[in-house]
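Undergrad: Have a look at this one before I ask anything.
There are 2 protein chains.
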Amino acid sequence: MFWCGLNKGKHSVCIDFTTAEGHELAMALITAPGPDAGMLLTNYAPRGWLSHEALRARRPDLIQLTIQGKRDGASAVDYTINPAVGIPFLTGPREAEGPVNHVLPAWDLLTGQMAATGLLAAERHRRRTGEGQHIKLALEDVALATLGNLGFIAEAERGGVRERIGNSLYGAFGGDFQCQDARLMIVALTLKQWTALCTALDLDAAVAELSRESGLDLSREGNRFRAREEIAALVRTRVVTRSLAELAPLFDRAGVCWSRYQTIAELVAHDPACSTANPLFAVTEQPGVGNILAPASPLDFAAGGRLPPIPAPCLGEDTDHVLRTLLGLSDAAIGDLRTRAIIAGPAKDP
Amino acid sequence: MFWCGLNKGKHSVCIDFTTAEGHELAMALITAPGPDAGMLLTNYAPRGWLSHEALRARRPDLIQLTIQGKRDGASAVDYTINPAVGIPFLTGPREAEGPVNHVLPAWDLLTGQMAATGLLAAERHRRRTGEGQHIKLALEDVALATLGNLGFIAEAERGGVRERIGNSLYGAFGGDFQCQDARLMIVALTLKQWTALCTALDLDAAVAELSRESGLDLSREGNRFRAREEIAALVRTRVVTRSLAELAPLFDRAGVCWSRYQTIAELVAHDPACSTANPLFAVTEQPGVGNILAPASPLDFAAGGRLPPIPAPCLGEDTDHVLRTLLGLSDAAIGDLRTRAIIAGPAKDP
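Chains D and E, in that order, are what the protein sequence lines are.
Using the numbering used here, the letters of the first sequence correspond one by one to residues 18 to 367.
Using the numbering used here, the letters of the second sequence correspond one by one to residues 18 to 367.
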């Protein structure tokens, strides 16, 4: 499922990289001519026949983006980067003793998106100057840069130690609340969201009293963070006795920023957002798997409309087609390469 | 710190949006001519003077990218999206009872990167066709699409229920190990990483025996996941009695994929990766804050070299400069706008 999800809409070509002829074919594909070609995204080390120098000798304006684990090329994955940047000591229940890793491969996802941005930026540069280039992007540096961008590094440099605060929001008001039949996340980050929450739960008088007692102006987000326990107590008593059916319209009418905790199974079974009622999704038929509710890109471009999701290919499904159209190989040449097992596919099992 | 980190290298212009003249100025900036202008990235609702129609009337090829919380425009933040997509029930210790939110705002980060990709893609389209467009990107859809891309939705559709597995890696071998003086994350996702681990810890004989007993071919990642408890027991006894100083060179020589758990304070104080020894970082002087170790982009472009990080501006620091250079306003006109408080800045306090 993981494989199918990540390889939607790709073309797959199978080439034997242990042979010199295989290298030749791959290099020819990578350095094919034209403004829409000559871009390589890879996590192979840029060495030997895949070195930027070797490839650039065939196409001087080649754009090559190499994704690395560590900056020095050493092996690293999302699950080893995250422990090293401290986030697991902030994640998890207040009383947790050890580190808590995230399950979402956030660093991988972010690195993939940055790679797309990097390729487009390099293509823009090539169009303007004619110049190609080699771009490196290390998973480790993505994580470190993000820590810096989010202010964690500057905070630690100044001796700030952030505590674990469970599911509460850092820096403003937000947290978990159990109503009669559901667990809710309720957030008041902006002033507008705070006003909406006070309106929906009729909190104004109680909040005014809390402000007086604490001396904190609760229209400021930092003060809402300071008084989060007291605010939570006010919210809790107003939420715990009501049902989701009662609270949801109340919250939505006032514009409260909230959601309901649900499992992935519940999301898939019951939430219209995760169905074809959301134009993001379409049902695709994935060979060997069956029907899958598959997402298109969340980027909803007005020009040209949204491209629907396309199933993942079998390994080598496009070998012949790509060699024919991109490299102009004849059927005889393709047949010969296939006989000698320099190329292959499609394979049934990915 | 958060604010400074996220606003590095930006230009800041202060305009009073409650006035019609303020709207005029902002619209003129948004629709300024030239191929490097005419792009608006915003989380304001595209209504009134900020509607795509109103702006396009001034520049027909305008590119506008609107970031939304929910697809319907309702308020949502990372902290309310995450509970609704089920990840908090997978994150956290096996014995945790409730949901565990991530602390890293992964959906925000991913949405920001996708917005950059979307703008560059739209600029590419505009260059080729002359056509601008309005692009929408909802935080909610980013999360849902990611769940789909990672295979979570297809898995749930087929009745698969993923269990909480604490800090273990899903689908292969990986987890926490305490050595004498440090807590380590050790991963064997690929065959190469698995072979390296077996070599480094002299596991070959024990693994061969485990394979025989369990009937599992442990060179396959799925089988390493099935036998993860047994493999962990083998690793644990070989790690627990040794020091980090002993294990680190052993692991690095063999090419093991591993890291050490450390807090952000430890990272910042002791790890060379989080210092100017890493070309990602430079020390910048942030007015009002002092020296900050700030990251550049993790995208290391060979062409032109890496741009160093630039401190965040004060609010309105560039008001005059931008109005003068982009709109060609005279000093007298700028002075007049300032007197009437249509524009402002720089302000000392962001």
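Glycine is no exception: its CB is placed at the ideal position from the N, C-alpha and C atoms.
Determine whether the beta carbon atoms of E/Arg125 and E/Asp95 lie at a separation below 8 angstroms.
TA: Sequence index remark: in the second sequence, residue 125 of chain E carries index 108 (1-based). Sequence index remark: in the second sequence, residue 95 of chain E carries index 78 (1-based). Residue 125 of chain E is actually Asp in this sequence, not Arg. Against a cut-off of 8 angstroms, the Cβ pair of E/Asp95 and E/Asp125 comes out as a contact.
Undergrad: When you compare the CB positions of D/Gly55 and D/Ile32, do they come within less than 8 angstroms of one another, or not?
TA: Position 38 of the first sequence, counted from the first residue, corresponds to residue 55 of chain D. Position 15 of the first sequence, counted from the first residue, corresponds to residue 32 of chain D. Cβ distance not < 8 angstroms, so D/Gly55 and D/Ile32 don't count as in contact.
Undergrad: Take D/Val111 as the anchor and find which of D/Ala162, D/Ile182, D/Arg76 has the nearest alpha-carbon.
TA: Sequence index remark: in the first sequence, residue 111 of chain D carries index 94 (1-based). Per the sequence shown, the amino acid found at residue 111 of chain D is Arg instead of Val. Answer by Cα proximity: D/Ile182.
Undergrad: According to DSSP, is D/Pro77 part of a helix, a strand, or is it coil?
TA: Taking the first sequence and counting its residues from 1, one reaches residue 77 of chain D at position 60. It is coil, neither helix nor strand.
Undergrad: Using the Cα positions of E/Leu310 and D/Lys87, report the straight-line distance between them to the nearest angstrom.
TA: Mapped onto the second sequence, residue 310 of chain E falls at position 293. Mapped onto the first sequence, residue 87 of chain D falls at position 70. C-alpha separation (whole angstroms): 20 angstroms.
Undergrad: Output, in sequence order along the chain, the residues in the stretch 313-337 of chain D whose CB is closer than 9 angstroms to any CB in chain E.
TA: Listed in sequence order: Ala313, Ser314, Pro315, Leu316, Asp317, Phe318, Ala319, Ala320, Gly321, Pro326.
Undergrad: Could you name the residues of the stretch 258-289 of chain D whose beta carbon sits closer than 9 angstroms to any beta carbon of chain E, in the order they occur along the chain?
TA: So the close ones are Asp269, Gly272, Val273, Cys274, Trp275, Ser276, Arg277, Tyr278, Gln279, Thr280, Ile281, Ala282, Glu283, Leu284, Val285, Ala286, Asp288.
Undergrad: Can you list, in chain order, the residues of its chain whose CB lies under 6 angstroms from that of D/Gly26, leaving out five sequence neighbours each side?
TA: For the purposes of this step, residue 26 of chain D is taken as the residue at position 9 of the first sequence. Hits under 6 angstroms: Ile327.
Undergrad: Whose CA, out of E/Gly39, E/Pro77, E/Asn60, lies closest to the CA of E/Pro50?
TA: Taking the first residue of the second sequence as position 1, residue 50 of chain E is located at position 33. When only C-alpha atoms are compared, the closest one is E/Pro77.
Undergrad: Does the beta-carbon distance from E/Ile248 to E/Arg241 come in below 8 angstroms?
TA: Stepping through the second sequence from its first residue, residue 248 of chain E is reached at position 231. Stepping through the second sequence from its first residue, residue 241 of chain E is reached at position 224. Result yes, Cβ atoms of E/Ile248 and E/Arg241 sit closer than 8 angstroms.
Undergrad: By Cβ distance, which residues of its chain are closer than 7 angstroms to D/Leu267, with the 5 residues on each side in sequence left out?
TA: Along the first sequence, one-based indexing puts residue 267 of chain D at 250. Cβ neighbours of D/Leu267 beyond the five flanking positions: Ala217.
Undergrad: Just checking, does the stretch 344-351 of chain D make contact with the stretch 163-181 of chain E on the three C-beta pairs under 8 angstroms criterion?
TA: They do not touch, by the three-pair rule.
Undergrad: Would E/Met18 pass as an interface residue toward chain D - the criterion being a Cβ-Cβ separation below 8 angstroms?
TA: Your numbering for residue 18 of chain E matches position 1 in the second sequence. Yes, its Cβ sits closer than 8 angstroms to a Cβ of chain D.
Undergrad: Is there a C-beta anywhere in chain D that falls below 8 angstroms from the one on E/Lys153?
TA: Your numbering for residue 153 of chain E matches position 136 in the second sequence. So, interface residue.
Undergrad: Compute the distance between the beta-carbons of D/Ser103 and E/Thr280, then report whether it is under 8 angstroms.
TA: Locating residue 103 of chain D in the first sequence gives position 86, where the first residue counts as 1. Locating residue 280 of chain E in the second sequence gives position 263, where the first residue counts as 1. The amino acid occupying residue 103 of chain D in the given sequence is Gly; Ser does not appear at that position. Yes, the Cβ-Cβ distance between D/Gly103 and E/Thr280 is below 8 angstroms.
Undergrad: Is there a Cβ from chain E that is less than 8 angstroms from the Cβ of D/Asp53?
TA: Residue 53 of chain D sits at position 36 when you count from the first residue of the first sequence. No, D/Asp53 lies away from the interface with chain E (no Cβ there is under 8 angstroms from its Cβ).
Undergrad: Which residues in the same chain as D/Asp158 place their Cβ atom closer than 7 angstroms to its Cβ, once the five residues preceding and following it in sequence are excluded?
TA: For the purposes of this step, residue 158 of chain D is identified with residue 141 of the first sequence, where counting begins at 1. Excluding positions up to five away in sequence, the list reads Arg88.
Undergrad: With a Cβ-Cβ cutoff of 8 angstroms, do E/Leu235 and E/Ala223 count as a contact?
TA: Within the second sequence, residue 235 of chain E is the residue found at index 218, counting from 1. Within the second sequence, residue 223 of chain E is the residue found at index 206, counting from 1. Contact flag unset, no.
Undergrad: State yes or no: is the C-beta of D/Ile84 within less than 8 angstroms of the C-beta of D/Leu137?
TA: Against the first sequence, residue 84 of chain D aligns to sequence position 67. Against the first sequence, residue 137 of chain D aligns to sequence position 120. Not a contact, by the Cβ cut-off of 8 angstroms.
Undergrad: Please confirm whether E/Gln197 has its beta-carbon closer than 8 angstroms to some beta-carbon of chain B.
TA: The structure shown contains no chain B; its protein chains are D and E.
Undergrad: Taking CB distances under 8 angstroms as the criterion, tell me whether D/Cys291 reaches chain E.
TA: Your numbering for residue 291 of chain D matches position 274 in the first sequence. Chain E contact via Cβ: present.
Undergrad: If you measure from the beta carbon of E/Ser92 to each beta carbon in chain D, is any gap under 8 angstroms?
TA: To locate residue 92 of chain E, count along the second sequence from 1; it is residue 75. Yes, its Cβ sits closer than 8 angstroms to a Cβ of chain D.
Undergrad: When we look at the beta-carbon of D/Gln210 and count the other beta-carbons within 10 Å, is it buried (16 or more) or exposed?
TA: Position 193 of the first sequence, counted from the start, is the residue given in the question as residue 210 of chain D. Buried: at least 16 other Cβ atoms inside 10 Å.
Undergrad: Just tell me which of D/Pro330, D/Met202, D/Thr59 has its CA closest to the CA of D/Gln303.
TA: Residue mapping note: residue 303 of chain D aligns to position 286 of the first sequence, counting from 1. If we check each option's Cα against that of D/Gln303, D/Pro330 comes out closest.
Undergrad: Out of E/Gln130, E/Ala91, E/His28, point me to the one whose CA is closest to E/Leu46's CA.
TA: In the second sequence, residue 46 of chain E corresponds to position 29, counting from 1. The shortest C-alpha separation from E/Leu46 is found at E/His28.
Undergrad: Taking only beta carbons into account, state which residues of the stretch 19-33 of chain D come closer than 7 angstroms to chain E, listed in chain order.
TA: Those residues of the stretch 19-33 of chain D that come within reach of chain E (Cβ to Cβ, closer than 7 angstroms) are Phe19, Cys21, Gly22, Leu23.
Undergrad: Decide if the stretch 282-296 of chain D is in contact with the stretch 108-122 of chain E; the criterion is three or more beta carbon pairs, one per stretch, under 8 angstroms apart.
TA: With the cut-off at 8 angstroms, the stretch 282-296 of chain D and the stretch 108-122 of chain E do not touch.
Undergrad: Under a three-way DSSP split, which group does D/Cys31 fall into?
TA: Residue numbering aside, residue 31 of chain D sits at position 14 when the first sequence is read from its first letter. The answer is strand: DSSP assigns D/Cys31 an E or B state.
Undergrad: Which residues in chain E sit within 8 angstroms of D/Leu251, going by Cβ to Cβ distance?
TA: Residue 251 of chain D sits at position 234 when you count from the first residue of the first sequence. The contacting residues do not exist; D/Leu251 stays about 19 angstroms from chain E at best.
Undergrad: With a Cβ-Cβ cutoff of 8 angstroms, do E/Arg64 and E/Gly149 count as a contact?
TA: Position 47 of the second sequence, counting from 1, holds the residue named residue 64 of chain E. Position 132 of the second sequence, counting from 1, holds the residue named residue 149 of chain E. No. Outside cutoff.
Undergrad: Just checking my contact of D/Thr97 with E/Cys274 at CB under 8 angstroms: how many whole Å lie between their CB atoms?
TA: To locate residue 97 of chain D, count along the first sequence from 1; it is residue 80. To locate residue 274 of chain E, count along the second sequence from 1; it is residue 257. Correct: roughly 6 angstroms between the Cβ atoms.
Undergrad: Per DSSP, D/Gln85 is paired with what?
TA: In the first sequence, counting from the first residue as 1, residue 85 of chain D sits at position 68. The partner list for D/Gln85 (beta bridge, DSSP) reads D/Ala155.
Undergrad: I want to see whether chain E comes within less than 8 angstroms of D/Phe169, judged by CB atoms only; does it?
TA: Working through the first sequence from its first residue, we reach residue 169 of chain D at position 152. With 8 angstroms as the cut-off, D/Phe169 counts as an interface residue toward chain E.
Undergrad: On the DSSP bridge list, what partners appear for E/Phe194?
TA: As a first step, residue 194 of chain E must be located in the second sequence, where it is residue number 177. Note: E/Phe194 sits in a beta bridge opposite E/Leu201.
Undergrad: So, D/Leu344 versus E/Ile152, is the Cβ gap smaller than 8 angstroms?
TA: Position 327 of the first sequence, counted from the first residue, corresponds to residue 344 of chain D. Position 135 of the second sequence, counted from the first residue, corresponds to residue 152 of chain E. Result no, Cβ atoms of D/Leu344 and E/Ile152 do not sit closer than 8 angstroms.
Undergrad: Measuring only the C-alpha atoms, how far is E/Arg143 from E/Phe34?
TA: Counting from one through the second sequence, the residue named residue 143 of chain E turns up at place 126. Counting from one through the second sequence, the residue named residue 34 of chain E turns up at place 17. Computed Cα separation, rounded: 29 angstroms.
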